[in-house]
Amino acid sequence: MLQRLLTLFAFVLLFPALGFAQENKISGRIVDQKTKEPIPFASIGLKEEQSGALTNEYGFFQMAMPDKAQDSLVVLALGYFRKAILVKKGANLQDLIIEVPKRVIELAEVKVKGGKVKDLSLGSKGSTPGEGMIQGLPGQQYAFFVKNEKGKKLGNVRSVSFYIGENGFPREPFRVRLYKADGNYNSPNTDILTDNVVVSAPKGGEWYTIDLTQYNVEAPEEGFFVAMEWIVSGDKFYTTNFMETYTPYGQIMRPTFEFKESRTWTYSIGKGWSLITLANNGMRYNAMIKAEVDMIKD
């Protein structure tokens, strides 16, 4: 009896704390401004604190309240305009509905006149990965620059491939991203693939190829970034505030040491892009990624 009373007393003491903890969350849903449809896998970051979260496939998110008196909550979604709203500590920021305007992108028609189209491989040429594993948190990306080293005339992107490691959970979904190298210091910036391409590999320990011919993505002349973005599924919510105790889940990429230059950038919600400069015997540590594109021959 005494034990039951003590347990009940402890729960009564804990209940206000649980309610307080719930009130110290920002939660809600990101939706299309016009259709009100949910936007999956959008990133929501606090600008000053450099922390954030990722929506699941139903547009829901949850994250910790800012420590500062006020901060800007920035929403970034593929194919949509950037949106920022002011949030204040102590305000009721639960069950928010944030509407984001869609970005209309007109794709130029690619015309091939008097030439032949052949297949050209860009990026990693190897079949055996290097030692190491590339793991990611939800919302994190690793982008590898597939360089047009011989200055060939390029057409559309046919496919991209990632070497998926045998460890981790190879069948977990991830999103494919393609970027121009038009950010600061030639970092990834502008999306050239504006569709949500979410895929999952059948197994690990081999190359996994995604056909992109249906999206008619024109390859930039100098090359482009191919990125893997870790996403969340179901009712899972993660924030970068808990990175110290978080065990990365999902698929694991493998590295390559084929190049003398750093071509791989990593992205984290709230912190942006940074170049990976690790090296081994003079060869740089890069994500093992490749692409097949149309090569136009006169």
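In mature numbering (1 follows the signal peptide of the UniProt record, and there is no 0), the protein residues as written are -21 to -1, 1 to 277. C-beta atoms are modelled at their ideal positions from N, C-alpha and C, and glycine is treated no differently.
What are the uninterrupted segments assigned as beta strand (DSSP E) that are 3 or more residues long and contained completely in the segment 153 to 207, given in chain order?
-> List check, beta strand (DSSP E) in window: 153 to 158, 176 to 178 and 185 to 190.
Beta carbon of V136 nearer than 8 Å to that of A21 | At least 8 Å separates the beta-carbon of V136 from that of A21.
Residues of its chain near residue 354, where Cβ-Cβ distance is below 7 Å and the 5 sequence neighbours each way are ignored | Past the boundaries of the shown model lies residue 354; the chain is included only from -21 to 277, so the question cannot be answered.
Using three-state DSSP, classify L57 as helix, strand or coil.
-> Reduced to three states, the DSSP call for L57 is coil.
Span separating the alpha-carbon of I64 from that of N175 | Approximately 24 Å between the Cα atoms of the pair.
Which class does M267 belong to by DSSP, given the choice of helix, strand or coil?
-> Here M267 sits in coil by DSSP.
DSSP bridge partner residues for R8 (one or two, in chain order) | Paired residue(s): F39 and I76.
Closest to I23 by CA distance: which of E237, D190 and M44 is it?
-> Of the listed residues, the one whose Cα sits closest to I23 is M44.
With burial defined as no fewer than 16 other Cβ atoms inside 10 Å of the residue's Cβ, what is the status of A48: buried or exposed?
-> Result: exposed.
How many angstroms separate the CA atom of F124 from the CA atom of I77?
-> Distance between the alpha carbons of F124 and I77: 33 Å.
Measure the Cβ-Cβ separation of Y264 and I275 and say whether it is below 8 Å.
-> Not closer than 8 Å, so no.
E237, enclosing beta strand (DSSP E) - first and last residue | Element bounds for E237: P234 to F238.
Could you give the DSSP three-state label for S260: helix, strand or coil?
-> Here residue 260 is Asn; the residue named in the question, Ser, does not match the sequence. Secondary structure of N260 (DSSP, three-state): coil.
Give the straight-line distance between the Cα atoms of G134 and F238, rounded to the nearest whole angstrom.
-> One C-alpha to the other measures close to 25 Å.
Please state if the CB of D273 and the CB of V96 are separated by a distance shorter than 8 Å.
-> With respect to D273, V96 sits close: the two C-beta atoms are nearer than 8 Å.
Mind checking residue 352: buried by the 16 CB within 10 Å criterion, or exposed?
-> Residue numbering for the chain in the displayed model covers -21 to 277; residue 352 lies beyond these limits and cannot be assessed.
In terms of residues, what are the limits of the beta strand (DSSP E) holding G31?
-> Segment S30 to L33, the beta strand (DSSP E) holding G31.
How many whole angstroms separate the CB atoms of A180 and Q230, which I take to be in contact at a CB cut-off of 8 Å?
-> Indeed, because the Cβ distance is near 6 Å, the residues count as touching under 8 Å.
Beta-bridge partners of F141, as assigned by DSSP | According to the DSSP secondary-structure assignment, F141 is paired through a beta bridge with Y187 and I268.
Determine the contact status of I189 and V139, defining contact as a CB-CB distance below 8 Å.
-> Annotated as proximal: I189 and V139, with beta-carbon spacing under 8 Å.
Exposure of V10, with buried meaning 16 or more beta-carbon neighbours within 10 Å | Buried is the call here.
Have a look at V83, V177, F153 and G202 and flag the residue whose alpha-carbon is nearest the alpha-carbon of K131.
-> Closest option to K131, Cα to Cα, is G202.
Count the other CB atoms, across all protein chains shown, that sit within 10 Å of the CB of V196; report buried if there are 16 or more and exposed otherwise.
-> Buried: at least 16 other Cβ atoms inside 10 Å.
Bridge-paired residues (DSSP) for P17 | Answer is V10, bridged to P17.
Where does M274 sit, in a helix, a strand or coil, going by DSSP?
-> Reduced to three states, the DSSP call for M274 is strand.
Would the beta-carbon of residue 278 fall within 8 Å of that of Y158?
-> One cannot answer for residue 278 here, as it falls past the ends of the chain, which runs -21 to 277.
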